[in-house]
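A.B. asks:
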């Protein structure tokens, strides 16, 4: 059987709703785990599905034809934030997560301030979010940790994967995870797939349709399958050669 070097057991156990079970500790530590052997994890998955069905259903607020549009927007934003706080592990101020929004657990997600997610957001991974993030049609395999930094922009139809299987047939049924990190001020283009264990450095741009199999240095433009660095990014504080 293949060996899977364990990761460290992070502060995830302190997040809202995270189960204190052996399989959960394995899951977030990068060693093989089995959800089917953990009743609490199975129950959390069912709860998350129920939440997503409600969150993604037609908004009652939208049925108020007499409410001014600016008031309607704020009412929707307030109600959605209230719902998110009932299941997301940790969430900052002012999140705007447009439905549909789907995830496997919820307690594995940590959002910071000013998170924005455009329509068709799909979560499938143990995720850690910081502030100022913009998502659109994001899919995340929700078992290993995903860290997404401040002011990250994520285009439509992006997939982030943290789950792995062995190549060996005898142990291929085992599932283990490797974390994914997207540092602050990154822009992830439409249709990008980010694979387990990848770190995308601060300020980088990933071109549309890329498959990111290896880590990308800070302030790099990368694209392709597999994604490769093609040029540096200009200083984020410089516009037309002038400091901003």
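Numbering (the UniProt record's numbering), first residue to last: 1 to 244.
We treat Cβ as the ideally placed atom computed from N, Cα and C, and that holds for glycine.
Using C-beta distances below 6 Å, list every residue in its chain close to residue 159, excluding the 5 sequence neighbours before and after it, in chain order.
C.D. replies: Here the set comprises 139, 193.
A.B. asks: Which residue spans inside the stretch 126-202 form an unbroken beta strand (DSSP E) run of at least 3?
C.D. replies: DSSP runs (the beta strand (DSSP E)) wholly in the stretch 126-202: 134-136, 138-148, 158-160, 180-182.
A.B. asks: Excluding five sequence neighbours on each side, which residues of the same chain lie with their C-beta closer than 8 Å to the C-beta of residue 232?
C.D. replies: So the list reads 219, 220, 221, once near-sequence residues are dropped.
A.B. asks: Exposed or buried, residue 230, counting other C-beta atoms within 10 Å across all chains shown (16 or more means buried)?
C.D. replies: Burial call: exposed.
A.B. asks: Assuming the contact rule is C-beta atoms closer than 8 Å, residue 184 and residue 211 should be a hit. Round their C-beta distance to whole Å, please.
C.D. replies: 23 Å between Cβ atoms; not a contact.
A.B. asks: Go ahead and pull the three-state DSSP assignment for residue 79.
C.D. replies: Three-state DSSP puts residue 79 in a helix.
A.B. asks: In three-state terms, what does DSSP make of residue 107?
C.D. replies: Three-state DSSP puts residue 107 in coil, outside helix and strand.
A.B. asks: Using 10 angstroms around the beta-carbon of residue 27, count the other beta-carbons present and answer buried if the total reaches 16, otherwise exposed.
C.D. replies: So residue 27 counts as buried.
A.B. asks: In angstroms, rounded to a whole number, what distance separates the CA positions of residue 29 and residue 208?
C.D. replies: C-alpha separation (whole angstroms): 31 Å.
A.B. asks: How long is the line joining the alpha carbons of residue 201 and residue 143, rounded to whole angstroms?
C.D. replies: The straight-line gap from Cα to Cα measures roughly 22 Å.
A.B. asks: Does the Cβ of residue 123 have 16 or more other Cβ atoms within 10 Å, making it buried, or fewer, making it exposed?
C.D. replies: Residue placement at residue 123 is poorly supported in this model, since its pLDDT is 49, which falls under 50; the coordinates are not used for a value here.
A.B. asks: Which residues mark the beginning and the end of the beta strand (DSSP E) in which residue 231 is found?
C.D. replies: 228-232 is the span of the beta strand (DSSP E), which, as asked, contains residue 231.
A.B. asks: Can you say whether residue 65 is buried or exposed, counting buried as having 16 or more other CB atoms within 10 angstroms of its CB?
C.D. replies: Exposed, since its Cβ has fewer than 16 Cβ neighbours within 10 Å.
A.B. asks: Tell me the DSSP secondary structure of residue 204 in three-state form.
C.D. replies: In this structure, residue 204 counts as coil in the three-state DSSP scheme.
A.B. asks: How would you call residue 111, buried or exposed, if buried means at least 16 neighbouring beta carbons within 10 angstroms?
C.D. replies: By the 10 Å Cβ count, residue 111 comes out buried.
A.B. asks: For residue 33, which residues does DSSP report across the bridge?
C.D. replies: Residue 33 pairs with 175.
A.B. asks: Classify residue 102 as buried or exposed, calling it buried when 16 or more other Cβ atoms lie within 10 Å of its own Cβ.
C.D. replies: Buried, since its Cβ has 16 or more Cβ neighbours within 10 Å.
A.B. asks: Determine the contact status of residue 95 and residue 146, defining contact as a CB-CB distance below 8 Å.
C.D. replies: Contact flag unset, no.
A.B. asks: Throw me the rounded Cβ distance for the residue 53 and residue 106 pair, which I believe falls under 8 Å.
C.D. replies: About 13 Å; that fails the 8 Å criterion.
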